[in-house]
Amino acid sequence: MDKIAIFPGSFDPITRGHESIIKRAVPLFDKIIIAIGENIQKEDFFPIETRIDWLHKVFISYSSVEIMTYSGLTVDFCKKVGANYILRGLRTSADFEFERSIGQINKQMYPEIDTVFLLTTPEYTALNSSIVRDIIINGGDPAPFVPEAIKITH
Ligand code: ADP
Numbered sequence: 020m021d022k023i024a025i026f027p028g029s030f031d032p033i034t035r036g037h038e039s040i041i042k043r044a045v046p047l048f049d050k051i052i053i054a055i056g057e058n059i060q061k062e063d064f065f066p067i068e069t070r071i072d073w074l075h076k077v078f079i080s081y082s083s084v085e086i087m088t089y090s091g092l093t094v095d096f097c098k099k100v101g102a103n104y105i106l107r108g109l110r111t112s113a114d115f116e117f118e119r120s121i122g123q124i125n126k127q128m129y130p131e132i133d134t135v136f137l138l139t140t141p142e143y144t145a146l147n148s149s150i151v152r153d154i155i156i157n158g159g160d161p162a163p164f165v166p167e168a169i170k171i172t173h
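In the numbering used here, the protein residues as written are 20 to 173.
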């Protein structure tokens, strides 16, 4: 059976932290689906089309990486696409506590799924999309924090 993982998130925008986790996971799975969650309660900063376009640019040379969008429960999306793993990055102990409950509940809802965690490399521990948005809003340069393949004009 193919090892298919989804990497869920909003990627608003994608950061070097996301990029690092996905690239390090490529050798572990036959396919990784980057799953952009569409959350009606959360207002987007960048339009979904822009985020998809950036992800395509970053992973253009990775044939096992696909980009899709989804709404609703992550486990329902996993069933739909035949994924048996959910990939997540762990930055801090707070991430661990948060991820543990989601991972355990997901497993209870869909026993065929397992969550796989990769530890963040130290240089990206402090990085998240919200900080990058703050830098942009306040006129700073986001380039050191987003993948080299994308240009965010600000
Ligand atoms: P968003 O895309 O909305 O920021 P999350 O914060 O849930 O969504 O991030 C999606 C996934 O990427 C999570 O597994 C998260 O742990 C991981 N991630 C986010 N930032 C980093 C980072 N700097 N280093 C490693 N993993 C990260």
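Ideal Cβ positions, reconstructed from N, Cα and C, are used throughout, including at glycine.
Because the structure is a prediction, the values reported are computed rather than measured.
As assigned by DSSP and simplified to three states, the class of residue i
{"i": "residue 93", "result": "helix"}
{"i": "residue 51", "result": "strand"}
{"i": "residue 118", "result": "helix"}
{"i": "residue 27", "result": "strand"}
{"i": "residue 165", "result": "coil"}
{"i": "residue 105", "result": "strand"}
{"i": "residue 40", "result": "helix"}
{"i": "residue 69", "result": "helix"}
{"i": "residue 79", "result": "coil"}
{"i": "residue 128", "result": "helix"}
{"i": "residue 60", "result": "coil"}
{"i": "residue 22", "result": "coil"}
{"i": "residue 110", "result": "coil"}
{"i": "residue 32", "result": "coil"}
{"i": "residue 99", "result": "helix"}
Own chain partners of residue i with C-beta closer than 8 Å, once the 5 adjacent residues on each side are dropped
{"i": "residue 74", "result": "30, 33, 53, 55, 86"}
{"i": "residue 71", "result": "55, 86, 88"}
{"i": "residue 132", "result": "94, 97, 102, 103, 104, 105, 125, 126"}
{"i": "residue 47", "result": "22, 24, 135"}
{"i": "residue 61", "result": "29"}
Through-space distance from residue j to residue i, alpha-carbon basis
{"i": "residue 98", "j": "residue 88", "result": "14 Å"}
{"i": "residue 112", "j": "residue 121", "result": "14 Å"}
{"i": "residue 21", "j": "residue 57", "result": "26 Å"}
{"i": "residue 100", "j": "residue 152", "result": "31 Å"}
{"i": "residue 157", "j": "residue 171", "result": "14 Å"}
{"i": "residue 51", "j": "residue 159", "result": "32 Å"}
{"i": "residue 155", "j": "residue 49", "result": "35 Å"}
{"i": "residue 83", "j": "residue 116", "result": "30 Å"}
{"i": "residue 92", "j": "residue 162", "result": "33 Å"}
{"i": "residue 168", "j": "residue 65", "result": "17 Å"}
{"i": "residue 26", "j": "residue 42", "result": "11 Å"}
Cutoff 7 Å; reference residue i; Cβ partners in own chain excluding five residues on either side
{"i": "residue 107", "result": "118, 134, 136"}
{"i": "residue 37", "result": "28, 30"}
{"i": "residue 63", "result": "31"}
{"i": "residue 81", "result": "45"}
{"i": "residue 146", "result": "34, 35, 36, 164"}
{"i": "residue 39", "result": "140, 143"}
Bridge partners - residue i, DSSP secondary structure assignment
{"i": "residue 87", "result": "54"}
6 Å Cβ shell around residue i - same chain, five flanking residues per side excluded
{"i": "residue 129", "result": "94"}
8 Å Cβ cutoff, residue i in contact with chain D
{"i": "residue 119", "result": "Absence of chain D from the displayed structure is noted, only one protein chain being present."}
Query raised in the report: Fully enclosed by the segment 131 to 160, which alpha helix (DSSP H) runs are 4 residues long or longer?
Result: 148 to 156
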